[in-house]
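Going letter by letter, the sequence shown gives residues 59 to 456 in our numbering. By construction, the Cβ of each residue, glycine as well, lies at the ideal position given by its N, Cα and C atoms. This report refers to the structure that appears directly beneath it.
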Amino acid sequence: MLSPLVCRATYLRWACLVLGGALLMPYVMVGSMIGGLTGLSAASGDLLQPLVFLAVLPLVALTGLVLPVRALEVAAARSLLGAEIDPLPAEWASGRRSWGERRRTATWFTLHLGVGGVMAGLTLATVPFVVVAILLPVTGAPFDLWIVSTLRAVWWGGPLLGVVLLVALVYLIAGMGALLARSAPKLLGPSPAQRLALLEERVRRQAVRNGLARELHDSIGHALSVVTVQAGAAARVLDRDPVAVRAALGAIEESARAALEELDQVLGVLREQEDEPSTAPARTLADLSGLVHGTGAAAEVTGDLAAVPTEVSREVYRIAQESLTNALRHGTGPVRLALAVHDDHLELDVRNPAGRAPGRSGRGIGGMRERVTLLGGDFAAGPADGEWHVSLRLPLRP
Numbered sequence: 059m060l061s062p063l064v065c066r067a068t069y070l071r072w073a074c075l076v077l078g079g080a081l082l083m084p085y086v087m088v089g090s091m092i093g094g095l096t097g098l099s100a101a102s103g104d105l106l107q108p109l110v111f112l113a114v115l116p117l118v119a120l121t122g123l124v125l126p127v128r129a130l131e132v133a134a135a136r137s138l139l140g141a142e143i144d145p146l147p148a149e150w151a152s153g154r155r156s157w158g159e160r161r162r163t164a165t166w167f168t169l170h171l172g173v174g175g176v177m178a179g180l181t182l183a184t185v186p187f188v189v190v191a192i193l194l195p196v197t198g199a200p201f202d203l204w205i206v207s208t209l210r211a212v213w214w215g216g217p218l219l220g221v222v223l224l225v226a227l228v229y230l231i232a233g234m235g236a237l238l239a240r241s242a243p244k245l246l247g248p249s250p251a252q253r254l255a256l257l258e259e260r261v262r263r264q265a266v267r268n269g270l271a272r273e274l275h276d277s278i279g280h281a282l283s284v285v286t287v288q289a290g291a292a293a294r295v296l297d298r299d300p301v302a303v304r305a306a307l308g309a310i311e312e313s314a315r316a317a318l319e320e321l322d323q324v325l326g327v328l329r330e331q332e333d334e335p336s337t338a339p340a341r342t343l344a345d346l347s348g349l350v351h352g353t354g355a356a357a358e359v360t361g362d363l364a365a366v367p368t369e370v371s372r373e374v375y376r377i378a379q380e381s382l383t384n385a386l387r388h389g390t391g392p393v394r395l396a397l398a399v400h401d402d403h404l405e406l407d408v409r410n411p412a413g414r415a416p417g418r419s420g421r422g423i424g425g426m427r428e429r430v431t432l433l434g435g436d437f438a439a440g441p442a443d444g445e446w447h448v449s450l451r452l453p454l455r456p
């Protein structure tokens, strides 16, 4: 109940309203000058100021519609009203404003200056009167006003009325400030269409980040698995089979070079400017032979790999890479890969003797399943007859 009287936000909002009144003063001065030159001041009498106030509001709205006042108003609303206004993207904030945004800014500017002008006027009228009323028993009536003379007859009436008026003014200020604080995000923040565009942009960026993470997991993980397996094989035959050692070292070198290339591509994507298209590393089935050679797997490929659409070819390559990586990590024997390209679909099957269970559950199987599902295919992975197998079937056309 008493919180508005002691709340810091009330007085900050009071300052914001007074700022609106100060910004309104040039308009009121011009309106009063025009009223004096046209003779309206003599005809209107005491109604001149309210009429001028109403007459200048369209000019205030026109100013908000044409001039770039949004930045100033956003800063004032955030710092003084405590309004939570979502920022616009830099390309929108610096670009040409739409008419919808201009109208919302003009509405806010008119509301701020209009309400602020009224509240500033009440402040200028009420605060001096409150001071006079509170000091009335001591100072007497400094001017001839009927209410002052009436209060003087009852010594406690002046201070009581002064306190009541001051409290009422504070509560009125708190209410008007809360109204502006609730209106600011709607009028100064992004429009519903802009919020939707922001959400779509965040989803797109998240999808790009997820794709890059998946590419790094597949490519770097595969390279490290090949390096580990080949280094272990070279160590076992180091003294008795130099040819095998050289082959293993060659596979390690090739895998490390390929991993560095893909890492450089991914880092290049991360460094790209916002206005440039973002693309993930694009290894396809054309690179399958090098992938198989580095792992020592037995491969059987039938059909025309060039007939596979680029998107499908890229995803199948990554699935084959992940399958071979898992086989190297967890398998105990030779790996067999079979790829068959047909007129309207392709089939991939990777098998190896089942080995030890992985120490922790990774994201490889889930990532492969996600890739296949997005392309409208069928995916299966699991143990069968002492082997671990990964198989998929993907359509080549929608």
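Beta-carbon separation (whole angstroms), residue i vs residue j, contact threshold 8 Å
{"i": "LEU346", "j": "ALA378", "result": "6 Å"}
{"i": "GLY216", "j": "LEU75", "result": "Their Cβ separation, rounded to whole angstroms, is 27 Å, which puts GLY216 and LEU75 out of contact at 8 Å."}
{"i": "LEU248", "j": "LEU256", "result": "According to the sequence provided, residue 248 is Pro. The question's Leu does not apply to it. Yes, they are in contact, since the Cβ atoms of PRO248 and LEU256 sit about 6 Å apart, within 8 Å."}
{"i": "THR383", "j": "SER283", "result": "5 Å"}
{"i": "SER381", "j": "VAL408", "result": "4 Å"}
{"i": "GLY93", "j": "VAL110", "result": "6 Å"}
{"i": "ALA513", "j": "PRO243", "result": "This structure leaves residue 513 out entirely; the chain is present only between 59 and 456."}
{"i": "GLU358", "j": "ALA396", "result": "5 Å"}
{"i": "TRP166", "j": "LEU246", "result": "6 Å"}
{"i": "THR353", "j": "VAL393", "result": "7 Å"}
{"i": "GLY172", "j": "LEU130", "result": "So it is not a contact: roughly 17 Å between Cβ atoms."}
{"i": "GLY235", "j": "GLY79", "result": "About 13 Å separates the two Cβ atoms, so there is no contact after all."}
First and last residue of the uninterrupted alpha helix (DSSP H) at residue i
{"i": "ARG161", "result": "157-192"}
{"i": "HIS388", "result": "368-388"}
{"i": "GLY425", "result": "422-432"}
{"i": "GLY440", "result": "That residue, GLY440, is in no alpha helix (DSSP H); its beta strand (DSSP E) goes 436-442."}
{"i": "GLY348", "result": "346-353"}
Run of the beta strand (DSSP E) containing residue i, from where it starts to where it stops
{"i": "VAL132", "result": "Here VAL132 belongs to no beta strand (DSSP E); instead the alpha helix (DSSP H) covers 128-134."}
{"i": "ALA73", "result": "Here ALA73 belongs to no beta strand (DSSP E); instead the alpha helix (DSSP H) covers 66-96."}
{"i": "GLU358", "result": "356-360"}
Pick from the options that is closest to residue i, judged by C-alpha positions
{"i": "LEU194", "options": "LEU218, THR184, VAL173", "result": "LEU218"}
{"i": "PRO126", "options": "TRP157, GLN252, ASP443, ALA316", "result": "TRP157"}
{"i": "HIS447", "options": "ARG162, MET426, PRO453, LEU139", "result": "MET426"}
{"i": "LEU60", "options": "VAL190, ASP436, ALA232, HIS388", "result": "ALA232"}
{"i": "LEU343", "options": "ALA302, LEU404, THR390, THR431", "result": "LEU404"}
{"i": "HIS170", "options": "GLY435, ASP436, VAL132, ILE192", "result": "VAL132"}
{"i": "MET87", "options": "PRO441, ILE143, ALA113", "result": "ALA113"}
{"i": "ALA385", "options": "LEU130, ALA398, LEU307, GLY422", "result": "GLY422"}
{"i": "ARG161", "options": "ARG128, GLY435, PHE187", "result": "ARG128"}
{"i": "VAL190", "options": "PRO392, GLN252, LEU224, PRO108", "result": "LEU224"}
{"i": "HIS388", "options": "ALA412, LEU81, ALA314, ALA365", "result": "ALA412"}
{"i": "LEU105", "options": "ALA293, ALA119, GLN252, SER90", "result": "SER90"}
{"i": "VAL221", "options": "THR184, GLY279, ASP297", "result": "THR184"}
{"i": "ASP362", "options": "PRO300, ALA293, SER371", "result": "SER371"}
{"i": "ASP144", "options": "GLY434, LEU254, ARG451", "result": "LEU254"}
{"i": "PRO453", "options": "ARG240, ASP443, ARG429, GLU445", "result": "ARG429"}
{"i": "ALA226", "options": "ALA355, THR68, ARG451", "result": "THR68"}
{"i": "GLU159", "options": "PRO367, THR181, VAL124", "result": "VAL124"}
{"i": "THR181", "options": "ALA265, TRP72, ALA365, LEU95", "result": "TRP72"}
{"i": "LEU77", "options": "LEU139, GLU373, LEU120, ALA365", "result": "LEU139"}
{"i": "THR368", "options": "LEU321, ARG66, LEU433, ALA317", "result": "LEU433"}
Residues that DSSP places opposite residue i in a beta bridge
{"i": "SER320", "result": "Reading the sequence as shown, one finds Glu at residue 320 and not Ser. DSSP, once it has assigned bridges, lists no residue as partnering GLU320."}
{"i": "ARG409", "result": "ARG394, HIS447"}
{"i": "PRO453", "result": "HIS403"}
Cβ-based burial, residue i [other Cβ within 10 Å; buried from 16]
{"i": "PRO335", "result": "Here the model assigns PRO335 a pLDDT of 46, short of 50, so the residue's position is not dependable and the matter cannot be decided."}
{"i": "VAL261", "result": "exposed"}
{"i": "ALA134", "result": "buried"}
{"i": "PRO250", "result": "exposed"}
{"i": "ASN268", "result": "exposed"}
{"i": "HIS400", "result": "exposed"}
{"i": "SER137", "result": "exposed"}
{"i": "ARG455", "result": "exposed"}
{"i": "ASP276", "result": "buried"}
{"i": "PHE437", "result": "buried"}
{"i": "MET177", "result": "buried"}
{"i": "MET83", "result": "exposed"}
{"i": "GLY348", "result": "exposed"}
{"i": "GLN288", "result": "buried"}
{"i": "VAL285", "result": "buried"}
{"i": "GLU273", "result": "buried"}
{"i": "VAL457", "result": "Outside the displayed span of the chain (59 to 456) sits residue 457, for which this structure offers no information."}
{"i": "LEU81", "result": "buried"}
{"i": "THR168", "result": "buried"}
{"i": "GLY417", "result": "Since pLDDT at GLY417 reaches only 49, below the 50 mark, its modelled position is unreliable, and the value read off the structure follows with that caveat. Under this definition GLY417 is an exposed residue."}
Contact test: residue i Cβ vs the ligand MN heavy atom, cutoff 8 Å
{"i": "PRO108", "result": "The ligand MN is absent from the structure shown, which contains no ligand whatsoever."}
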